[in-house]
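Numbering (our numbering), first residue to last: 3 to 222.
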Amino acid sequence: MNKELLEYMEREILPRYERFYSHGLLHINQVRAKCKLLADYYHLNQDMCNVIATYHDLGLKVDRNNHEIESGKIFMADHELKRYFTRVQLEIMKEAIEDHRGSRKERPRNFYGEVLSDSDRDFDIEVLVKRQWATSLKNNVSLKSFEEHFEFCYKYLSKRINENGHFNLWTNNPILIERRTEFERQFLNKPFTRNLYRKEYEKIANDGTLEKILNYYEDY
Ligand SMILES: [Fe+2]
Ligand SMILES: [Fe+2]
Numbered sequence: 003m004n005k006e007l008l009e010y011m012e013r014e015i016l017p018r019y020e021r022f023y024s025h026g027l028l029h030i031n032q033v034r035a036k037c038k039l040l041a042d043y044y045h046l047n048q049d050m051c052n053v054i055a056t057y058h059d060l061g062l063k064v065d066r067n068n069h070e071i072e073s074g075k076i077f078m079a080d081h082e083l084k085r086y087f088t089r090v091q092l093e094i095m096k097e098a099i100e101d102h103r104g105s106r107k108e109r110p111r112n113f114y115g116e117v118l119s120d121s122d123r124d125f126d127i128e129v130l131v132k133r134q135w136a137t138s139l140k141n142n143v144s145l146k147s148f149e150e151h152f153e154f155c156y157k158y159l160s161k162r163i164n165e166n167g168h169f170n171l172w173t174n175n176p177i178l179i180e181r182r183t184e185f186e187r188q189f190l191n192k193p194f195t196r197n198l199y200r201k202e203y204e205k206i207a208n209d210g211t212l213e214k215i216l217n218y219y220e221d222y
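Next up, the structure:
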């Protein structure tokens with residue numbers, strides 16, 4: 003990977019996620035790591051994969067519901083990137099960012115979009131629990147108890163699994179499929195999952211994170 007480009011992103015782009023929680027650096031760095039894994043596997047351009055992972059959720063600051071389009075605009079407006087990529091590469095990357103959303107029904111327009119979208123899935127249950135708690139606390143203000151939040155989160159994800167039999171993966175990459183199988187096995191064991199949600203809830207309620215999710219972090 004180009005060292006100068008990497009330094010630029012570490013200095014200028016990654017800090018923009020500091021006031022995000024469920025889309026914060028933990029999430030972004032996980033997506034970057036999975037994009038790297040897929041870039042190695044399919045012999046893709048490493049710089050392109052790293053950049054799309056790094057920029058993909060920046061648009062949440064602008065418009066939550068269309069964040070993938072806004073991320074694409076932020077990406078295209080960044081003149082620094084024109085030093086490293088051709089016009090054609092930039093277009094492919096923009097499309098990949100715009101197509102990354104998990105709820106999207108149509109296949110991404112290019113393979114980089116498939117790689118990014120698949121990398122954006124959470125198959126690490128501990129990370130997923132953290133992210134879902136933050137999302138539920140911010141979005142579902144009418145829910146008060148642990149059980150209400152948990153049931154909401156569990157139903158939401160179960161629906162994503164049950165509609166298609168699995169969480170959707172566009173690439174069907176065998177490494178990700180293995181992680182998905184393990185994840186689904188854990189997740190569908192409801193008492194196990196409830197216990198993880200309970201532990202995480204107690205942790206964030208006691209260490210000040212819950213307060214920060216409600217009053218400091220900007221994402222949902
Ligand atoms: Fe996103
Ligand atoms: Fe994301």
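For glycine and all other residues, C-beta sits at the position ideal for the given N, C-alpha and C.
Please state whether the Cβ-Cβ distance between E97 and R111 is less than 7 Å.
As a position in the sequence shown, residue 97 is number 95, starting the count at 1. As a position in the sequence shown, residue 111 is number 109, starting the count at 1. It is a contact, given that the beta carbons lie within the stated cut-off.
Limits of the unbroken alpha helix (DSSP H) element including E184
Start at 1 with the first residue of the sequence shown, and residue 184 comes out as number 182. Here the alpha helix (DSSP H) through E184 covers 176-189.
With H, G and I counted as helix, E and B as strand and the rest as coil, what does DSSP make of Y219?
Along the sequence shown, read from residue 1 onward, the residue named residue 219 stands at position 217. Note: Y219 maps to coil in three-state DSSP.
Residue span of the alpha helix (DSSP H) that contains N112, given as start and end
In the sequence shown, residue 112 corresponds to position 110, counting from 1. Careful: N112 lies outside any alpha helix (DSSP H) and carries neither H nor E.
Under 5 Å, CB to nearest heavy atom of ligand 2: contacting residues:
D59, D122
Out of E14, G210, P193, S121, which has the shortest C-alpha to C-alpha gap to N170?
Mapped onto the sequence shown, residue 170 falls at position 168. Nearest C-alpha to N170: S121.
What does the alpha-carbon distance come out to for the pair R109 and E70?
In the sequence shown, counting from the first residue as 1, residue 109 sits at position 107. In the sequence shown, counting from the first residue as 1, residue 70 sits at position 68. The alpha-carbon atoms of R109 and E70 are separated by roughly 15 Å.
What span of residues does the alpha helix (DSSP H) with I76 cover, start to end?
For the purposes of this step, residue 76 is taken as the residue at position 74 of the sequence shown. Run containing I76: 69-79, per the alpha helix (DSSP H) assignment.
Are E202 and W135 closer than 7 Å when you measure CB to CB?
Along the sequence shown, read from residue 1 onward, the residue named residue 202 stands at position 200. Along the sequence shown, read from residue 1 onward, the residue named residue 135 stands at position 133. Cβ distance < 7 Å, so E202 and W135 count as in contact.
Could you tell me the alpha carbon to alpha carbon distance between E20 and A55, rounded to whole angstroms?
Start at 1 with the first residue of the sequence shown, and residue 20 comes out as number 18. Start at 1 with the first residue of the sequence shown, and residue 55 comes out as number 53. If I take the Cα positions, the gap works out to 16 Å.
Output the distance between the C-alpha atoms of D49 and N4, rounded to the nearest integer angstrom.
Counting from 1 along the sequence shown, the entry for residue 49 is found at position 47. Counting from 1 along the sequence shown, the entry for residue 4 is found at position 2. Between D49 and N4, the C-alpha separation is close to 7 Å.
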